[in-house]
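Chemist: Residues -26 to -1, 1 to 483 in mature numbering (1 follows the signal peptide of the UniProt record, and there is no 0) are what the sequence shown spells out, letter by letter. For every residue, glycine included, the Cβ atom is placed at its ideal position computed from N, Cα and C. Quantities reported herein were computed from a predicted structural model and do not represent experimental measurements.
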Amino acid sequence: MLKVFKLSIALLLCAAFLAACSSNSAENHGENKKKMTLLFNFATSSLDPNVDSSYVPLRAGITETLVHLNDSNLKIEPWLAKSWGSKDGQVWTFELRDGVTFHNGKPMDGTAVKASLERTIKDSLAMKNALRIESIEADGNRLQIKTTVPFPEFPSELVHPNTSIIDVTETDFVKKPIGTGPFAVSAFTPGTAVDLVRYDGYWNGAAKLDKARFAFNKDANARSLALQAGTADIVFRPEIETLDLLKAVKGVTVESTSTFRVHQLTMNLQSKPLQDINVRKAIDALINRQSIVDTILKGHAEVAAGPFPSSASFTPKYGKKKSGLEAAREYLKEAGYTQVNGVMQKNGEPLSFKLLTYSSRADLPLIAQVFQSDAGKLGIDVKIQMIEIPEEYMATNRDWDLTTYSNLTAPRGDAGYYLNATYHPKGSLNFSGANDEALTALIEELNVTVGQEKRSELAEKIAILVDEQVYNSFVLFPNTLVAYKSDKVKNWVTSRSEYYMLTNELDVE
């Protein structure tokens, strides 16, 4: 009965969404036009590619970066930059690709790229800290970039969507950024969709599609229904419970692909109870990972022991941990807590947590509810609060204890991005407030280390230290789920990095 009710609600939401789509895309009904709609699970109110965390401009084929990640071999490769090199790891020379123009026809040369990168580090503190650029010099299609310190892995940082190259002389960054990708913005309705048209001057061959729509809907059921109703051609992360139904639809393909994403329980180390490592160990012990994979993700995930999947070269072998209610109870006892009249307390103060979660990843609120239930068995009161944009909330508020959070940990085939962003004191994703001198020293050593083997060894040490200190708890590695009309859509590739979606090769019959 509950499923029927949820389905009815989803149908109503889907109908409302479809009405909005039809009213916003009346101009797209021309004859013989190749067009398609991708429905994404995150909404955005801004297309500013240098600061927005939705990455829609890159995903929608509006912008491109200097460096590209090959999803097959996890190696970086040329994109807007055709080559790069450095003798000392601090002064880098980039040769830009010839013949690239922005959507307004202006050339993408060294001067334009310099201005774009300078805007990035000016407007985004996170990117300033990540890129560590001291100076940029441009000469024709050659760019010389000096970093503040030797930084051997600097080129891999230029894969990040926030380093997208745009024409900064066109200043409507929020509604119509001018990039170099195969598609240009024709219209943008914040929170609903961005409508796109083919850019005929695209340097790598004009797109096969005439038009495309990159639409948003946070409701997983509504996304699944949109595919069944024929108003979406590609659906990102459909509702897991509808996968069998979608697979049964003629002409629909469902893909479940391993990725570099981890679902974790982020801990606020400024929270007084969580400053005790035994409390953090108790929280970690309470998480029944295999049960969550089996029941919530229906097997479309891998249990996580740390931030990196088992396939990564920098994933260490972790020691066996205690888990379950009794293990958690023992850890809390070590921290001075006892259960009195069904309430876990210390010095008369009940143990309680404020747990943040968000609905755009449908499995996260369910994981939060499971944790709330298990913690309740030990007399721990967990209050769940739904939020909209987790990065925004966690960065500006410290009134929370835990957050179910999903993060890409190795989208560039290297551990450096995640470790710097999450555990360095200046990291853009260091929502826990981790500030461990030994940990920071290892991260900074990693930043100046050349060679994948040595880097992997260091990354393993860092991951083990994070595990020993339980700065966060890692739950699972979810597969990327995509459903699409394979009898219509051609050349779709489910990107493991989740960065590249609408490409010039994407086509429809």
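In this structure, does DSSP put residue 186 in helix, strand or coil?
Modeler: Of the three classes helix, strand and coil, the one that applies to residue 186 here is strand, per DSSP.
Chemist: Mapping the DSSP letters down to three states, classify residue 484 as helix, strand or coil.
Modeler: No statement about residue 484 is possible, as the shown extent of the chain runs from -26 to 483 and does not include it.
Chemist: State the CB to CB distance for the pair residue 457 and residue 219, rounded to an integer number of angstroms; the pair is presumed to be in contact (CB under 8 Å).
Modeler: The pair is not a contact, with the Cβ atoms about 10 Å apart (cut-off 8 Å).
Chemist: Can you tell me whether residue 366 is buried or exposed? The criterion is at least 16 other CB atoms within 10 Å of its CB, across all chains shown.
Modeler: It counts as exposed.
Chemist: Suppose you measure from the CA of residue 201 to the CA of residue 470; what does that come to, to the nearest Å?
Modeler: Roughly 22 Å separates the two Cα atoms.
Chemist: Measuring straight from C-alpha to C-alpha, what distance separates residue 371 and residue 283?
Modeler: For residue 371 and residue 283, the distance between alpha carbons rounds to 30 Å.
Chemist: Which same chain residues, not among the five before or five after residue 389, have their C-beta less than 6 Å away from its C-beta?
Modeler: So the qualifying residues of the chain are 288 and 433.
Chemist: Could you check whether residue 306 and residue 486 sit closer than 8 Å to each other, using their CB atoms as the reference points?
Modeler: A query on residue 486 cannot be resolved here, the shown segment of the chain reaching from -26 to 483 and no further.
Chemist: Which stretch, first to last residue, makes up the alpha helix (DSSP H) that contains residue 99?
Modeler: From DSSP, the alpha helix (DSSP H) with residue 99 extends over 99 to 105.
Chemist: Report the rounded CA-to-CA distance for residue 175 versus residue 59, giving the unit in angstroms.
Modeler: Cα-Cα distance, rounded: 29 Å.
Chemist: Measuring alpha carbon to alpha carbon, tell me which of 74, 320 and 197 ends up nearest residue 173.
Modeler: Measuring from the Cα of residue 173, the nearest candidate turns out to be 74.
Chemist: Three or more C-beta pairs under 8 Å: does that hold for the region 111 to 120 against the region 137 to 151?
Modeler: Judged by Cβ distances under 8 Å, the region 111 to 120 makes no contact with the region 137 to 151, as fewer than three pairs qualify.
Chemist: Between 421, 43, 356 and 242, which lies nearest to residue 387 when the distance is taken from Cα to Cα?
Modeler: Closest option to residue 387, Cα to Cα, is 43.
Chemist: Would you give the residue range spanned by the alpha helix (DSSP H) that residue 63 belongs to?
Modeler: Premise fails: residue 63 is in no alpha helix (DSSP H) and is neither H nor E.
Chemist: I need the straight-line Cα distance from residue 196 to residue 319, nearest angstrom please.
Modeler: Each residue's Cα considered, the two are about 43 Å apart.
Chemist: Identify, in the order they occur along the chain, each residue of the same chain with its Cβ nearer than 6 Å to the Cβ of residue 393, setting aside the five sequence neighbours on each side.
Modeler: Excluding sequence neighbours, residue 393 sits near 417 and 436.
Chemist: Looking at C-beta atoms only, is the number of pairs between the region 70 to 84 and the region 44 to 59 that lie closer than 8 Å three or more?
Modeler: As far as the Cβ criterion goes, the region 70 to 84 touches the region 44 to 59, which means the pair count is three or higher.
Chemist: Following the continuous alpha helix (DSSP H) through residue 195, name the residue where it begins and the one where it ends.
Modeler: Run containing residue 195: 194 to 203, per the alpha helix (DSSP H) assignment.
Chemist: With DSSP as the reference, label residue -1 as helix, strand or coil.
Modeler: With a pLDDT of only 34 at residue -1, under 50, the local geometry of the prediction cannot be trusted, and the value read off the model is given with reservation. Residue -1 falls in the helix class under three-state DSSP.
Chemist: Is residue 337 closer than 8 Å to residue 271 when the C-beta atoms are compared?
Modeler: Cβ atoms of residue 271 and residue 337: closer than 8 Å.
Chemist: Would you mind listing the alpha helix (DSSP H) stretches within the region 417 to 454 that are 4+ residues and don't spill past its ends, in chain order?
Modeler: If we require 4 residues or more, the alpha helix (DSSP H) runs fully inside the region 417 to 454 come out as 426 to 443.
Chemist: Would you say the region 159 to 169 touches the region 123 to 141, given that touching needs at least three Cβ pairs under 8 Å?
Modeler: Too few Cβ pairs lie closer than 8 Å, so no.
Chemist: If I measure Cβ to Cβ from residue 22 and keep anything under 7 Å in the same chain, skipping five residues before and after, which residues do I get?
Modeler: Closer than 7 Å at Cβ, skipping near neighbours: 147, 148 and 151.
Chemist: Between the region 407 to 427 and the region 258 to 270, do three or more beta carbon pairs fall short of 8 Å?
Modeler: Flag = no, the region 407 to 427 and the region 258 to 270 do not touch.
Chemist: Indicate the three-state DSSP secondary structure (helix, strand or coil) for residue 267 in the structure shown.
Modeler: If DSSP states are grouped into helix, strand and coil, residue 267 belongs with the helices.
Chemist: Considering just the uninterrupted stretch of the beta strand (DSSP E) at residue 473, what are its terminal residues?
Modeler: Note, residue 473: premise wrong, no beta strand (DSSP E); not H, not E.
Chemist: Rounded to a whole number of angstroms, what is the C-alpha to C-alpha distance between residue 461 and residue 296?
Modeler: One C-alpha to the other measures close to 49 Å.
Chemist: With C-beta atoms as the reference, is residue 123 less than 8 Å away from residue 422?
Modeler: Closer than 8 Å, so yes.
Chemist: Where DSSP assigns a beta bridge to residue 378, which residues make up the other side?
Modeler: Looking at the DSSP assignment, residue 378 forms a beta bridge with 239.
Chemist: Within this structure, are the beta carbons of residue 210 and residue 34 separated by less than 8 Å?
Modeler: In this structure, residue 34 does not lie closer than 8 Å to residue 210 by Cβ.
Chemist: Quick check: the Cα distance between residue 15 and residue 439, rounded to an integer number of angstroms?
Modeler: When rounded, the distance between both Cα atoms is 34 Å.
Chemist: Note down, in chain order, each residue of its chain lying with its Cβ closer than 8 Å to the Cβ of residue 3, except the 5 sequence neighbours on either side.
Modeler: The pLDDT assigned to residue 3 is 43, lower than 50, so where the model puts this residue is not dependable; a value taken from the coordinates is nonetheless given after this. Taken in chain order, the list of residues that qualify is empty.
Chemist: Run through the region 273 to 339 for me and flag every whole alpha helix (DSSP H) of 4 or more residues, listed as ranges in chain order.
Modeler: Here the runs fully enclosed are 299 to 308.
Chemist: Is the distance from the Cβ of residue 281 to the Cβ of residue 166 below 8 Å?
Modeler: Cβ atoms of residue 281 and residue 166: not closer than 8 Å.
Chemist: My guess is that residue 266 and residue 239 are in contact by the Cβ rule of under 8 Å, so how many angstroms apart are they, rounded?
Modeler: Between residue 239 and residue 266 the Cβ distance is about 11 Å, and since that is not below 8 Å, they are no contact.
Chemist: Applying the 10 Å Cβ sphere with the 16-neighbour rule, what's the burial state of residue 302?
Modeler: Buried is the call here.
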